[in-house]
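Asks: Residues in the sequence shown are numbered from 178 upward in steps of one, following the working numbering. Just so you know, even glycine gets a beta-carbon here, dropped at the ideal spot from N, CA and C. All of these numbers come straight from a predicted model, not from anything done at the bench. One structure, pasted below without further comment.
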Amino acid sequence: MKYTGKLDFNMNGEYAIYTGDKYIPISSMLNSMLGDEVKVRILNKNDKELFKDQGIILREKLITNGSNQSNLYTYRVNGQDLDSVLWDNVGKKITFILHNGNKNKATEEEDIR
Numbered sequence: 178m179k180y181t182g183k184l185d186f187n188m189n190g191e192y193a194i195y196t197g198d199k200y201i202p203i204s205s206m207l208n209s210m211l212g213d214e215v216k217v218r219i220l221n222k223n224d225k226e227l228f229k230d231q232g233i234i235l236r237e238k239l240i241t242n243g244s245n246q247s248n249l250y251t252y253r254v255n256g257q258d259l260d261s262v263l264w265d266n267v268g269k270k271i272t273f274i275l276h277n278g279n280k281n282k283a284t285e286e287e288d289i290r
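What follows is the structure in structure tokens.
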């Protein structure tokens, strides 16, 4: 799946991309793939690569000031911090490419390059 548009972080604490005519719920897609092998690639508006990794997608509890009492979680792919890249690009135009390793075998190589 490949989406280009403005990255949003809504009041429910979820990421989404507004493509101009559609609102794509990125967090819902990531949540539905938790524990799966995925490939993720994020490009900025100038096609500069901001994130590229392949591995198991997980949500880890955010630890702040040495405490894990928060209700915040971060997305990680193969141990790499996907959430920080998303957070740093809220309000900006990005291209978000996501493939579930268990699905989309025929098209993932052309999009992930």
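Using the beta-carbon count (16 or more within 10 Å), is valine 267 buried or exposed?
Replies: Exposed is the call here.
Asks: Whose C-beta lies closer than 6 Å to the C-beta of methionine 178 among residues of the same chain, with five residues either side of it excluded?
Replies: For methionine 178, where only same-chain residues beyond five positions count, the Cβ hits under 6 Å are Leu275.
Asks: In whole angstroms, what is the alpha-carbon distance linking glycine 197 and arginine 253?
Replies: C-alpha separation (whole angstroms): 28 Å.
Asks: Indicate whether leucine 259 and valine 217 have their beta-carbon atoms separated by less than 8 Å.
Replies: For leucine 259 and valine 217, yes; Cβs fall inside 8 Å.
Asks: Who are the Cβ neighbours of tyrosine 200 in its own chain at under 7 Å, not counting the five residues just before and after it?
Replies: For tyrosine 200, where only same-chain residues beyond five positions count, the Cβ hits under 7 Å are Ala193.
Asks: In this structure, does DSSP put leucine 184 in helix, strand or coil?
Replies: Leucine 184 falls in the strand class under three-state DSSP.
Asks: As a quick exercise: from Lys238, Asp265, Ile234 and Lys269, pick the residue whose alpha carbon is nearest that of glutamate 214.
Replies: Minimum Cα distance to glutamate 214 is reached at Ile234.
Asks: Using the C-alpha atoms, what's the distance from glycine 232 back to asparagine 279?
Replies: About 12 Å.
Asks: My guess is that isoleucine 219 and phenylalanine 186 are in contact by the Cβ rule of under 8 Å, so how many angstroms apart are they, rounded?
Replies: Not quite, the Cβ-Cβ distance comes to about 14 Å (not below 8 Å), so this is no contact.
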